[in-house]
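See structure below.
In my numbering, the protein residues as written are 36 to 115.
Pasting the structure below:
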């Protein structure tokens with residue numbers, strides 16, 4: 036049985052600086068949130084997020100699709 040993993044690079048802002056990191060893309064999911072509209076009223080929304088695992092720390096994090104760039108696919112330990 037082959038093991039397939041998708042390797043992604045995430046670009047995000049932390050402490051006012053742009054940062055990048057390598058992650059395994061585990062799953063696409065929906066996040067529920069309440070966001071203010073132009074009148075200040077909170078509106079429920081769902082949006083797509085990539086659920087990723089940090090390659091170095093093993094921590095699970097979520098990113099918006101435009102923050103992710105696919106670097107490749109690893110099949111049985113080899114980058115394709």
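Glycine is no exception: its CB is placed at the ideal position from the N, C-alpha and C atoms.
- A check of alpha carbon separations from residue 82 across 68, 74 and 93 identifies 68 as the nearest.
- Take the alpha-carbon of residue 79 and the one of residue 65: they are about 13 Å apart.
- Contact between residue 88 and residue 61 holds, with the beta-carbon distance rounding to 6 Å and staying under 8 Å.
- With contacts defined as CB atoms closer than 8 Å, residue 109 and residue 42 qualify as a contacting pair.
- CA-CA distance, residue 50 to residue 113, rounds to 35 Å.
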